[in-house]
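A quick write-up on the structure given underneath.
There are 2 protein chains.
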Amino acid sequence: MTPRQVAVLVVIFTVSAGGLQVLLIRRSAEPFKDAWSLPGGLLNPGESLQEAAERKLDDETGLTEVFLEQLYTFSDLDKRGAVAVAYFALVDLSATHLARRREWLPKWFPIDDLPPLAFDNDDVIDYGLRRLRAKLDYSNVAYSLLPEEFTLSQLQRTHEAILSRSLDKRNFRKRILSLEIIEPTGRVASEGRHRPAQLYRFRARKPVVF
Amino acid sequence: MTPRQVAVLVVIFTVSAGGLQVLLIRRSAEPFKDAWSLPGGLLNPGESLQEAAERKLDDETGLTEVFLEQLYTFSDLDKRGAVAVAYFALVDLSATHLARRREWLPKWFPIDDLPPLAFDNDDVIDYGLRRLRAKLDYSNVAYSLLPEEFTLSQLQRTHEAILSRSLDKRNFRKRILSLEIIEPTGRVASEGRHRPAQLYRFRARKPVVF
DNA sequence: CCAAAAGTGTTGGCTGTACACCCATGT
DNA sequence: ACATGGGTGTACAGCCAACACTTTTGG
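Chains A and B, in that order, give the protein sequences. Every number in the numbering used here is 14 more than the matching position in the first sequence, counting from 1. Every number in the numbering used here is 14 more than the matching position in the second sequence, counting from 1.
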């Protein structure tokens, strides 16, 4: 009856020294040509939503096996009846290879210092941030933001960046260890560091709900 | 590029003496003609997703101001590339007027005794049920399942039907009252009842998150 | 008088939070 | 030697779960 354009959008989060960041690209077409926006695009023929989101994520970051989850479906972003299915992804900055083959390069922006965005992409990012914060408390999503091996301090800094508040070190360690989602690797990190630190890894590198 | 059919589906829940129920209709078109399925249909031109879901809900139940929330968007329900945006709704059985003008009448089914369903509608219902159970704990969604005035026992039976387990009466009352989402009306229910019971109402008849 | 549902408090365990010091290493 | 970050325990408060009896009414 009324076929519609169906697009996917991907909110790609990472955590770096500068805190929680989102990946944005410059739009190459009207409307909002040259404005910053979330990566996204129309579905290819025969492609599922999940596949389209994975493809977009891969295009932008070169990553495939990361946390990627459907967020929400918007229908009034442009006023021409298009439907946009938003996903959110969490990536380890040190593992990503940003797309280079473009007029404008994609760029990371701190979550609290975003440029003006196309459409209502601010709403989409807000929504993603709320979900991320909620999930942090009852899942192991952070596995996707860190390298295979990491220290408890790194994990804590990651949580702090996402929640944008500081956490008590002893309580944090107690809580995380009691969840039994990570285990010590036996190795220690000592590169350019004051005191060597125990390295841990996630028992499962896929989403687990407590 | 690749326009798709976009449909909405609505999982309509209610609670009655028989427990938690879902409203199903008979499909009138192929594929799965005459199979039980969730109410739904394509978007009208110019219509948003929310509007389409509200329209479908109104068609089936005559209700408009009830809890209705987007659930998830499915893309492989039929294999022809259609996209289905699922919503879930909570209705007070005593306020609904089921659609009558049809070859096959819509019908309530207990959640644990569903007939074979078209497409993957079982998955959609499961998903809705999980969300409903989760929301019950940190929101006031039950407002939409009960009449304006109700007793604490009715509210408890509603919770029990959704969670399908029994709850301790004293703990339930303590917890609900301490949330301060309901207030006594001053009136009592006494119609055909053993001992008269205090009537309460929700302070807000719209979604509130604790 | 009996059946049915309404109403009402206390206790123990668990969980989350607040809080401060010592240690190993690099510079 | 000092600066930096790693690592560790305890005490209190709030929350949730378990648990049983009395009251009011209708039949």
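We put the CB at the ideal spot given by N, CA and C, even for glycine.
Any C-beta of chain B sitting closer than 8 Å to the C-beta of residue i?
i, result
"Tyr101 of chain A", "no"
"Gln84 of chain A", "yes"
Where does the unbroken alpha helix (DSSP H) through residue i begin, and where does it stop?
i, result
"Gln212 of chain A", "Segment 211-216 is the beta strand (DSSP E) holding Gln212 of chain A; no alpha helix (DSSP H) there."
"Ala66 of chain A", "63-75"
"Asn174 of chain B", "This sequence places Glu at residue 174 of chain B; Asn is not what is there. 166-177 is the extent of the alpha helix (DSSP H) around Glu174 of chain B."
"Pro101 of chain A", "Just to set this straight, residue 101 of chain A is Tyr in the shown sequence, not Pro. That residue, Tyr101 of chain A, is in no alpha helix (DSSP H); its beta strand (DSSP E) goes 97-104."
"Ala148 of chain B", "135-152"
"Leu193 of chain A", "183-193"
Would you say residue i faces chain A, with C-beta separation under 8 Å as the test?
i, result
"Gln168 of chain B", "no"
"Leu57 of chain B", "yes"
Taking Cβ-Cβ distances shorter than 8 Å, what residues in chain B pair up with residue i?
i, result
"Gly60 of chain A", "Gly95"
Can you list the residues of chain A that residue i reaches, using a CB-CB cut of under 9 Å?
i, result
"Leu63 of chain B", "Thr87, Phe88, Ser89, Asp90, Val97"
Taking Cβ-Cβ distances shorter than 7 Å, what residues in chain B pair up with residue i?
i, result
"Val289 of chain A", "Coverage of chain A is limited to positions 15 through 224, which leaves residue 289 of chain A absent and any answer about it impossible."
"Leu34 of chain A", "By Cβ distance, chain B contributes nothing, its closest Cβ being about 22 Å from Leu34 of chain A, past 7 Å."
Could you work out which residues of chain A lie near residue i, taking near to mean beta carbons separated by less than 7 Å?
i, result
"Leu71 of chain B", "The premise fails here: Leu71 of chain B is roughly 16 Å from chain A at the closest Cβ pair, so nothing lies under 7 Å."
"Leu264 of chain B", "Here chain B has residues from 15 to 224 only, and residue 264 of chain B is not among them."
Just curious, the beta strand (DSSP E) that residue i is in, first and last residue?
i, result
"Ser30 of chain A", "20-30"
"Phe88 of chain A", "81-88"
Quick one: residues in its chain with C-beta nearer than 6 Å to the C-beta of residue i, no 5 flanking neighbours on either side, listed in chain order?
i, result
"Ala132 of chain B", "Arg41, Phe46, Ala49, Ser51"
"Ile196 of chain B", "Tyr214, Phe216"
"Leu166 of chain A", "Arg187"
"Gly76 of chain B", "His111"
"Pro124 of chain A", "Gly32, Gly33, Gln35"
"Ala175 of chain A", "Val29, Gly33, Leu34"
"Arg219 of chain B", "Tyr157"
So, at 7 Å on beta carbons, what are the nonlocal neighbours of residue i in its own chain, with the 5 sequence-adjacent residues on each side left out?
i, result
"Val202 of chain B", "Pro210, Ala211, Gln212, Leu213"
"Arg145 of chain B", "Leu85, Phe102"
"Ala96 of chain A", "Arg18, Gln19, Ala21"
"Lys5 of chain B", "Beyond the ends of chain B as shown, which are 15 and 224, falls residue 5 of chain B; an answer cannot be given."
"Phe224 of chain A", "Tyr152, Ser153, Leu193"
"Glu162 of chain B", "Arg215"
Opposite residue i in the DSSP bridges: which residues?
i, result
"Trp122 of chain A", "A:Leu37"
"Leu203 of chain A", "The amino acid occupying residue 203 of chain A in the given sequence is Ala; Leu does not appear at that position. DSSP lists A:Ala211 as partners of Ala203 of chain A."
"Gly55 of chain A", "A:Val22"
"Pro198 of chain B", "B:Tyr214"
"Leu131 of chain B", "B:Trp50"
"Val222 of chain B", "Answer is none; Val222 of chain B lacks a bridge partner."
At a cut-off of 7 Å, is residue i close to the ligand FAD when judged by its beta-carbon and the heavy atoms of the ligand?
i, result
"Ser108 of chain B", "Among the components modelled here there is no ligand, and therefore nothing to report on the ligand FAD."
What residues in its chain sit with their C-beta under 8 Å from that of residue i, if we drop five residues either side in the sequence?
i, result
"Pro130 of chain A", "Ala49, Trp50"
"His173 of chain A", "Leu150, Ala156, Leu181, Phe186"
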